[in-house]
Structures are given as structure tokens and as C-alpha cells.
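Reviewing the structure listed below.
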Amino acid sequence: MHDEEDAAAGRRLTQPLLALWGEHSFVGRHYDVPAVWSAYADDVTGAALPCDHYVPEEAPEETPEETLGHLRSFLTAHNTP
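In terms of the numbering used here, the numbers along the sequence shown are unbroken and rise by one, the last being 99.
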């Protein structure tokens, strides 16, 4: 997706989007991450994890927990076992 071109043309992501970021990172301190992604996607969820920039490395337990929770929600919403 060419973000700026697609946004200008009114094209948006329609699949559920999970955003994970480090609460102590530059992004976590200066941006409302779900609001930023909401400019590009219809269904945004996310979480600030207790880490800095390298989310999977610095939050190795929380990252898969959030990811699996996101996938489970999608599967439940679509009646997929």
C-alpha cells in the first residue's frame, strides 16, 4: 500500500489491524498510535507494551499474548473454530 496515494484516493485497509508499540518509545511518548492508524484502516486495535522500540525483543511474553488475542477475536467474530 502506498500510504499517501491510497489515503488520498480514499482507499483504506478493511481487515482488522493490530498495532503494538513500546510505551517508552518515541512513538509511544509522542503519538496516539491507534488514531494515526485509524487514518488508514477501518478496524484498529492496539496496545502499548512495557518496552521501548524493539517490541518483540523487549516484551517477549506480551507480544504473542496480544497477537494471539487479536487472532482469537478475529476467529470468534467470523465463527471459525
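Think of the CB as a built atom: it goes at the ideal place given N, C-alpha and C, for glycine as much as any other residue.
Taking Cβ to Cβ, would you say L67 is nearer than 8 angstroms to T81?
-> yes
Using beta-carbon positions only, say whether W39 and G46 come within less than 8 angstroms of one another.
-> yes
Do you know whose CA, among E83, P34, S91, lies nearest Y58's CA?
-> P34
Along the alpha helix (DSSP H) that carries L93, what are the first and last residues, could you check?
-> 80-95
Does DSSP put G40 in a helix, in a strand, or in coil?
-> strand
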